[in-house]
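Novice: Numbering (this note's numbering), first residue to last: 4 to 302. The structure is given below, and queries will be raised subsequently.
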C-alpha cells in the first residue's frame, strides 16, 4: 500500500470480525487498491478518522456499518470544505441497512466494496436539523421512533430488520399521538400525529417504505405522517401493501418546521433528538457518494 491510500474504510467495531469483509479487503488490495482500514470504538472516532483521511488526501471515505455509521461519517464529511472533501462510499454491515438497501447497494461484501471504491460519484442531498444535526436517510417521530429506539439488541441480532416490525406489534399498548404543528412553503398542518416520517431516503425501521416518493438528489424532503384519526394497524397495512390511506398526509418540501407543546423525539438515522422545535432543511448536492447506476433513489 502506498503512502496515500486511495480509500479509507471506517468500520463500525461490531463488524471487525467479519471474515467475508476481511476477504473482500484482501481481494481489493491484491488487485492494487490502496485501502486503509480504521475501526471505531466509541462515539467521535469517525470524526477523527475523516479528519485523518482528509489530511492524507484520500479520494473516498467508506462508511462500513449500518445507518448510524453512515450518518456519523456523512456528518463528519459535511463539516469540511468541498475542495478537499472525499467521496462517500457505503459498505452495509448494520441490522437494517435501510439507506443502503434503498440505494440498491449490494449486500455482498465483495461487490459492495468494489462499488464503494470504484463506483461513479454522484451528488446527493443531505438534511440538516436545527443547524447542527444531520440525516442522510430519514427522520422519524412518534410511535415509529419509540419502536426503533426500544427494540432490544438481541432481537435485532436474531431477526434483523423485521425485528422492528415484530416489536412494534408487541408494543401496541404504547400507542400515543404527538400534538404538533408542521409548516413549510405552501403547507401547514396541525393536529395529533401517530407517526411522522421525513425522508431524504425512502425506508426505515427495517425495510418499511415510509416515504416511498423520496429521492436523494431532488432538493426536497418527503413529509409523510399518520394522523391520530387512524389506527396503527391500518397504517402498517398501507405500508406493507402499498394501499392509499386518507389519513396519511404526504407532501414534498425543501424545508419544514415542527412545533410542539411538549417534548418530541425524532430518530435521525438511528440517533435520537428531543425538543419542542425542529427546523429541517435539505442541503442540495451536499455530498458526493458512490452509487450503482440503477439506484432507485436518483431522479
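Just so you know, even glycine gets a beta-carbon here, dropped at the ideal spot from N, CA and C.
Measuring alpha carbon to alpha carbon, tell me which of 21, 40, 68 ends up nearest residue 15.
Specialist: Cα-wise, what sits closest to residue 15 is 68.
Novice: Counting C-beta neighbours from all protein chains within 10 Å, is the total for residue 60 16 or more, i.e. buried, or is it exposed?
Specialist: With fewer than 16 other Cβ atoms within 10 Å, it is exposed.
Novice: For residue 79, which of helix, strand or coil comes out of DSSP?
Specialist: Looking at residue 79 - three-state DSSP - the assignment turns out to be helix.
Novice: Would you report the Cα separation of residue 134 and residue 33, rounded to the nearest angstrom?
Specialist: Roughly 43 Å between the two C-alpha positions.
Novice: Are the beta-carbon atoms belonging to residue 208 and residue 101 less than 9 Å from one another?
Specialist: Against a cut-off of 9 Å, the Cβ pair of residue 101 and residue 208 comes out as a contact.
Novice: Just to confirm the assignment, what range does the beta strand (DSSP E) spanning residue 48 have?
Specialist: Counting along the chain, residue 48 falls outside any beta strand (DSSP E), though it belongs to the alpha helix (DSSP H) covering 48-59.
Novice: So the candidates are 66, 46, 284; which of them puts its Cα closest to the Cα of residue 260?
Specialist: Of the listed residues, the one whose Cα sits closest to residue 260 is 284.
Novice: For my contact list, residue 204 and residue 219 are in at a C-beta cut-off of 8 Å; report their separation, rounded to the angstrom.
Specialist: Correct: roughly 6 Å between the Cβ atoms.
Novice: Going by DSSP, name the residue or residues bridged to residue 276.
Specialist: Paired residue(s): 269.
Novice: Take residue 263 and list the residues in its own chain whose beta-carbon comes closer than 7 Å to its own, dropping the five residues that flank it on each side.
Specialist: Result list for residue 263: 181, 182, 183, 279, in chain order.
Novice: What I want to know is whether the C-beta of residue 45 ends up closer than 8 Å to one or more non-hydrogen atoms of the ligand PLP.
Specialist: Among the ligands in the structure shown, none appear at all, so the ligand PLP cannot be discussed.
Novice: Exposed or buried, what is residue 114 when buried is set at 16 or more other beta-carbons lying within 10 Å of its beta-carbon?
Specialist: With fewer than 16 Cβ atoms within 10 Å of its Cβ, residue 114 is classed as exposed.
Novice: Can you name the residues that DSSP bridges to residue 184?
Specialist: In DSSP, residue 184 forms a bridge with 193, 262.
Novice: Along the alpha helix (DSSP H) that carries residue 23, what are the first and last residues, could you check?
Specialist: 22-33 is the span of the alpha helix (DSSP H), which, as asked, contains residue 23.
Novice: For residue 273 and residue 7, what's the separation of their Cα atoms in angstroms?
Specialist: Taking the straight line joining both Cα atoms gives about 33 Å.
Novice: In whole angstroms, what separates the C-alpha of residue 39 from that of residue 52?
Specialist: If I take the Cα positions, the gap works out to 11 Å.
Novice: I'd like to know whether the C-beta atoms of residue 64 and residue 76 end up nearer to each other than 9 Å.
Specialist: Cβ distance < 9 Å, so residue 64 and residue 76 count as in contact.
Novice: Closest by CA to residue 197, which one among 187, 268, 72?
Specialist: The residue with the shortest Cα to Cα distance from residue 197 is 268.
Novice: Rounded to the nearest angstrom, what separates residue 195 and residue 230 at their Cα positions?
Specialist: Residue 195 and residue 230: Cα-Cα distance of roughly 6 Å.
Novice: For residue 112, which three-state DSSP category applies?
Specialist: Looking at residue 112 - three-state DSSP - the assignment turns out to be helix.
Novice: Taking DSSP as the reference, what is the three-state secondary structure of residue 228?
Specialist: Residue state, collapsed to three classes: strand.
Novice: Which residues does DSSP pair with residue 211 in a beta bridge?
Specialist: Paired residue(s): 207.
Novice: Just to check my reading of the structure: residue 126 and residue 9 have Cβ atoms closer than 8 Å, yes? What is that Cβ distance to the nearest angstrom?
Specialist: Not really, about 21 Å apart at Cβ, beyond 8 Å.
Novice: For residue 12, collect the residues of the same chain with a Cβ closer than 6 Å to its Cβ; drop the 5 residues on either side in sequence, then sort them by chain order.
Specialist: Here the set comprises 40, 65, 67.
Novice: Closer than 7 Å by C-beta to residue 105: which residues in its own chain qualify, once you throw out the five before and the five after it? Chain order, please.
Specialist: Excluding residues within five positions, the ones whose Cβ falls inside 7 Å are 204, 205, 206, 299, 300.
Novice: Could you tell me the boundaries of the beta strand (DSSP E) in which residue 107 lies?
Specialist: That residue, residue 107, is in no beta strand (DSSP E); it is neither H nor E in DSSP.
Novice: If we call anything under 9 Å between Cβ atoms a contact, is residue 303 one with residue 141?
Specialist: Shown here, the chain extends from 4 to 302; a query on residue 303 therefore has no answer.
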